[in-house]
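Please read the structure below before turning to the comments.
There are 2 protein chains.
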Amino acid sequence: MPAQPRTIAVLGGTGAEGGGLALRWARAGHRVILGSRNPEKAAKVCADLNAAAGVDSIRFLDNRAAAAAAEVVVLTVPHAAQRATVEEVRDALAGKVLIDATVPLVPPKVSRVQLPAGGSAVAAIQALLGEPVRVVSAFQNVSAHALRDPAHDVDCDVLVCGDDPAAREIVIGLAHDVGLRAFHAGPIANSAAAEALTSILIAINIRYKVPGAGIRITGVPAAPA
Amino acid sequence: MPAQPRTIAVLGGTGAEGGGLALRWARAGHRVILGSRNPEKAAKVCADLNAAAGVDSIRFLDNRAAAAAAEVVVLTVPHAAQRATVEEVRDALAGKVLIDATVPLVPPKVSRVQLPAGGSAVAAIQALLGEPVRVVSAFQNVSAHALRDPAHDVDCDVLVCGDDPAAREIVIGLAHDVGLRAFHAGPIANSAAAEALTSILIAINIRYKVPGAGIRITGVPAAPA
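Residue numbers (my numbering), protein chains in the order written: chain X, 18 to 242; chain V, 18 to 242.
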């Protein structure tokens with residue numbers, strides 16, 4: 018069990034990245050709720066994830082109900098759905114930590130950095146929600162492919178950006194619970210670096226024909242393991 | 018000796034990052050010319066670098082003469098001096114590879130990502146110079162502190178961005194010559210990620226009290242060593 022079991026809503030949890038996080042958090046002993054607009058798909062994914070995690074604790078609700086029931090809300094939807102999803106659950110977010118893993122990819126050139134005006138898709142959500150919600154950017158660089166395979170460790174560190182250090186600390190703990198090293202990486206504006214880096218990792222995947230390049234931070238001897 | 022000894026002009030070579038690269042390229046057998054606007058300072062730095070590298074081949078010229086004499090020109094000046102330096106040497110760059118290591122830090126908040134309008138300081142230089150010059154972005158994330166200590170390997174990979182794959186390949190070779198792993202990281206627009214990442218590394222240096230955090234790319238088994 019984790020030091021502090023939490024109720025975590027994963028909006029977009031039926032996708033690859035969200036599903037991988039949900040699976041690993043459930044295995045670690047957290048209470049995971051998938052948020053989805055499609056109950057049939059959610060039921061299927063939920064059953065698959067419970068089986069893969071060897072648990073029966075993952076459940077699903079619509080996005081609003083999932084966010085309302087959770088202490089920590091995680092956003093793992095495509096960039097095109099980011100703002101609408103946040104607006105949908107906004108009433109349920111006050112006082113909570115919102116982990117936003119959004120990467121502003123612009124199909125079809127997803128290996129090309131194309132940051133939105135202002136620089137960061139996640140910083141824009143913090144600006145939208147204001148002080149009542151502590152937005153923390155994390156998990157942009159972690160391969161969904163690797164997350165979905167619970168038999169293997171994930172060879173990637175997590176850059177954790179947010180304006181509230183205590184909220185960053187909660188997210189670093191949640192990363193540790195799934196076996197990931199994670200680092201305080203500065204204010205929410207710094208999310209631009211993590212968001213942009215994902216396109217470079219995709220470019221490297223293509224160029225070097227690998228399924229999931231990642232990053233490690235070096236030079237920090239006492240880094241959390 | 019490197020596979021292909023080159024004449025390399027390092028503009029801003031009297032600074033920490035440029036000096037570190039100059040020292041290591043000279044040790045590897047390349048012909049290095051520091052470009053500087055200050056002959057007295059350049060003479061002093063040149064002597065120090067030759068002594069540290071155990072060579073006497075590093076010399077200095079003014080920026081224009083250095084760029085004119087070189088096959089490859091490297092830009093390691095502060096962001097505030099980037100465009101003026103490029104304009105100063107522009108006539109000497111046609112047909113050459115310009116390696117631009119500029120990081121658009123905005124003092125005093127250098128640990129906060131503050132990318133310029135358009136996203137990348139280096140992509141802006143490629144746009145300025147146009148097709149006659151092949152601009153390649155590299156070395157933004159490599160600690161000057163580590164580069165200046167030739168007794169130790171540098172625990173950091175180099176992200177190499179540029180629109181011309183052959184030019185990127187030259188830069189990857191030059192990184193290898195100083196013991197750095199380097200990766201094709203996509204078009205020049207992707208430089209935004211490397212530029213932004215430097216502020217995150219500074220934030221990590223401050224938070225974790227280390228002199229030079231870096232990055233490693235994971236998941237690429239056949240990566241160049």
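Ideal Cβ placement from N, Cα and C applies to all residues, glycine included. Bear in mind that the values here come from a model prediction, so they are computed numbers and not experimental data.
Q | Where the alpha helix (DSSP H) containing V41 (chain X) begins and where it ends | A | The question names Val, but residue 41 (chain X) is Arg in the sequence shown. First-last of the alpha helix (DSSP H) with R41 (chain X): 33-44.
**Q.** Every unbroken beta strand (DSSP E) within the region 46-129 of chain V, with a cutoff of 3 residues, ordered by chain
**A.** Listed in chain order, the beta strand (DSSP E) elements of length 3 or more contained wholly in the region 46-129 of chain V are 48-52, 76-78, 89-92, 114-117.
Q. How long is the line joining the alpha carbons of K246 (chain X) and L197 (chain V), rounded to whole angstroms?
A. Outside the modelled stretch of chain X, which goes from 18 to 242, sits residue 246 (chain X), for which no answer is possible.
**Q.** H201 (chain X) (DSSP reduced to helix, strand or coil)
**A.** DSSP places H201 (chain X) in strand when its eight states are reduced to three.
Q) Taking buried to mean at least 16 other C-beta atoms within 10 Å of its own C-beta, is D73 (chain X) buried or exposed? A) Around the Cβ of D73 (chain X), a 10 Å sphere holds fewer than 16 other Cβ atoms; the residue is exposed.
Q. Under 8 Å between the Cβ atoms of Q7 (chain X) and V152 (chain X)?
A. Lying before the first or after the last residue shown, residue 7 (chain X) is absent from chain X, which here runs from 18 to 242.
Q | Chain-order list of residues whose beta-carbon lies under 6 Å from that of A26 (chain X) (same chain, five-residue window excluded) | A | Result list for A26 (chain X): I50, G52, A83, A84, A87, V90, in chain order.
Q.
If I measure Cβ to Cβ from G190 (chain V) and keep anything under 8 Å in the same chain, skipping five residues before and after, which residues do I get?
A. For G190 (chain V), where only same-chain residues beyond five positions count, the Cβ hits under 8 Å are P19, A20, Q21.
Q | Local conformation of V27 (chain V) per DSSP, three classes | A | Here V27 (chain V) carries a strand assignment [DSSP, helix/strand/coil].
Q | Residues within the region 198-227 of chain X neighbouring chain V, beta-carbon criterion of under 7 Å | A | Within the region 198-227 of chain X, the residues whose Cβ lies closer than 7 Å to some Cβ of chain V are F200, H201, A202, G203, P204, A206, N207, A209, A210, A213, L214, S216, I217, A220, I221, R224, Y225, V227, listed in chain order.
Q. If you pair each beta-carbon of the region 36-51 of chain V with each one of the region 213-231 of chain X, do three or more pairs fall below 8 Å?
A. Fewer than three beta-carbon pairs drawn from the region 36-51 of chain V and the region 213-231 of chain X are found closer than 8 Å, and the two stretches are therefore not classed as touching.
Q) Around the Cβ of D170 (chain X), are there at least 16 other Cβ atoms within 10 angstroms (buried) or fewer (exposed)? A) Classification of D170 (chain X): exposed, given that the 10 Å Cβ count is below 16.
(Q) Checking 8 Å against the spacing of the C-beta atoms, do L146 (chain V) and R100 (chain V) come in under that value? (A) With respect to R100 (chain V), L146 (chain V) sits apart: the two C-beta atoms are not nearer than 8 Å.
Q. Which residue's Cα is closest to the Cα of A70 (chain X): X:G236, X:R165, X:E105?
A. Nearest in C-alpha terms to A70 (chain X), of all of X:G236, X:R165, X:E105, is X:R165.
Q) With 16 as the cutoff for other CB atoms within 10 Å, does K113 (chain V) come out buried or exposed? A) Counting the other Cβ atoms within 10 Å of the Cβ of K113 (chain V) gives 16 or more, which makes it buried.
**Q.** Cβ shell of I116 (chain X) (< 6 Å), same chain only, five flanking positions each side left out
**A.** Cβ within range, chain order: V91, V153, A155, V188.
Q: Check whether the Cβ of I187 (chain X) lies closer than 8 Å to any Cβ atom in chain V.
A: It does not; no Cβ of chain V falls within 8 Å.
(Q) Using CA atoms only, rank isn't needed, just tell me which of X:A209, X:R185, X:G29 is closest to P56 (chain X). (A) Between P56 (chain X) and the set X:A209, X:R185, X:G29, the nearest pair of CA atoms involves X:G29.
Q | Where the alpha helix (DSSP H) containing G196 (chain V) begins and where it ends | A | Here G196 (chain V) belongs to no alpha helix (DSSP H), and DSSP marks it neither H nor E.
**Q.** Host alpha helix (DSSP H) of V139 (chain X) (start-end)
**A.** It spans 138-146 - the alpha helix (DSSP H) in which V139 (chain X) sits, taken as one unbroken run.
Q: Buried or exposed for G32 (chain V), please, with buried defined as at least 16 other CB atoms from any protein chain shown within 10 angstroms of its CB.
A: Burial call: buried.
Q) So the beta strand (DSSP E) L176 (chain V) belongs to, where does it begin and stop? A) Here the beta strand (DSSP E) through L176 (chain V) covers 175-179.
Q. Ordered along the chain, which non-local residues of its own chain (more than five positions away) have a Cβ less than 7 Å from that of A138 (chain X)?
A. A distance below 7 Å between beta-carbons, with the five flanking residues on each side excluded, links A138 (chain X) to the following residues of its chain, in chain order: H96, Q99, T119, P121, E212.
Q) If we cut at 8 Å on Cβ distances, does C63 (chain X) have a partner in chain V? A) At least 8 Å separates the CB of C63 (chain X) from every CB of chain V.
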